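Here's the structure we're looking at; comments come further down.
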Amino acid sequence: MGNIFAVIKPIIHGVLKAVGMTSQMVEIEPGTTMHFWVPTETIHYHNPNNKLLNKPKPAVVFIHGFVSNGILTWLFQVLSLRISGADFAIYVPDLLFFGDSFTDRPERSTSFQVMFANRKEKTELLEALVVSDKDATIIPKYSQRIYLLCGDDDKIFNMAMSDNMKQKLGENATIEYIKKAGHLVQLERPCSYNHYLKKFLSYS
Numbered sequence: 001m002g003n004i005f006a007v008i009k010p011i012i013h014g015v016l017k018a019v020g021m022t023s024q025m026v027e028i029e030p031g032t033t034m035h036f037w038v039p040t041e042t043i044h045y046h047n048p049n050n051k052l053l054n055k056p057k058p059a060v061v062f063i064h065g066f067v068s069n070g071i072l073t074w075l076f077q078v079l080s081l082r083i084s085g086a087d088f089a090i091y092v093p094d095l096l097f098f099g100d101s102f103t104d105r106p107e108r109s110t111s112f113q114v115m116f117a118n119r120k121e122k123t124e125l126l127e128a129l130v131v132s133d134k135d136a137t138i139i140p141k142y143s144q145r146i147y148l149l150c151g152d153d154d155k156i157f158n159m160a161m162s163d164n165m166k167q168k169l170g171e172n173a174t175i176e177y178i179k180k181a182g183h184l185v186q187l188e189r190p191c192s193y194n195h196y197l198k199k200f201l202s203y204s
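Residue numbers (this note's numbering): 1 to 204.
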């Protein structure tokens, strides 16, 4: 996987730059730096001569899970929104210890990184805990609109669990199932996922 990514990484970066995304390293505290893909135009907002200054776009932030990094997880969605000219500012971070985000702070460099060792085993453990925890509850009555996009063949969060989650999230939650898709629905069925994503964002 690492060798494959090393080969395609320059290609991905070139494509992202072509659609107006740029790579940024942000020091969030001394010794801790996070990597983001951001719209190229946003890095110029601080310029008082920039006409875009007073026209910020609504932000869409794509957060990745326990596998890979931000842009590999959400590449198809970023490209779709940018190419279609959707009126949103798209941000894709690499969470700490994923992708190009890192820390050298002593209180994190040992104990914190241990938490991320054996990612595959830890992910499987978390999945087992989630699936077996039938008594888990979610605080309802969210004021925000929530849109759940799920694969109908998801082996981790099956349809019964997803329906249950929707009910607990309250009346502002909507759910859509994408056929013939599993847990990584945005990668398995990107065209269908992007269709529903744009539909939801158009109502936001």
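Cβ atoms here follow ideal geometry from the backbone N, Cα and C, with glycine treated the same way.
Quantities reported herein were computed from a predicted structural model and do not represent experimental measurements.
- The beta carbon of residue 64 sits closer than 6 angstroms to the beta carbons of 70 and 73 from its chain, once the five residues preceding and following it are set aside; these are given in chain order.
- DSSP, reduced to helix, strand and coil, places residue 148 within a strand of the structure shown.
- Put simply, the stretch 179-187 touches the stretch 151-162. At least three CB pairs are less than 8 angstroms apart.
- Going by beta carbons, residue 192 and residue 175 fall outside the 9 angstroms limit.
- Residue 200 and residue 157 have their alpha carbons spaced roughly 21 angstroms apart.
- In the DSSP assignment, the residues bridged to residue 21 are 39.
- The shortest C-alpha to C-alpha distance from residue 77 to any of 90, 67 and 30 is the one to 90.
- Look at residue 188 here: in three-state DSSP terms it is helix.
- Beta bridge pairing from DSSP links residue 60 with 90.
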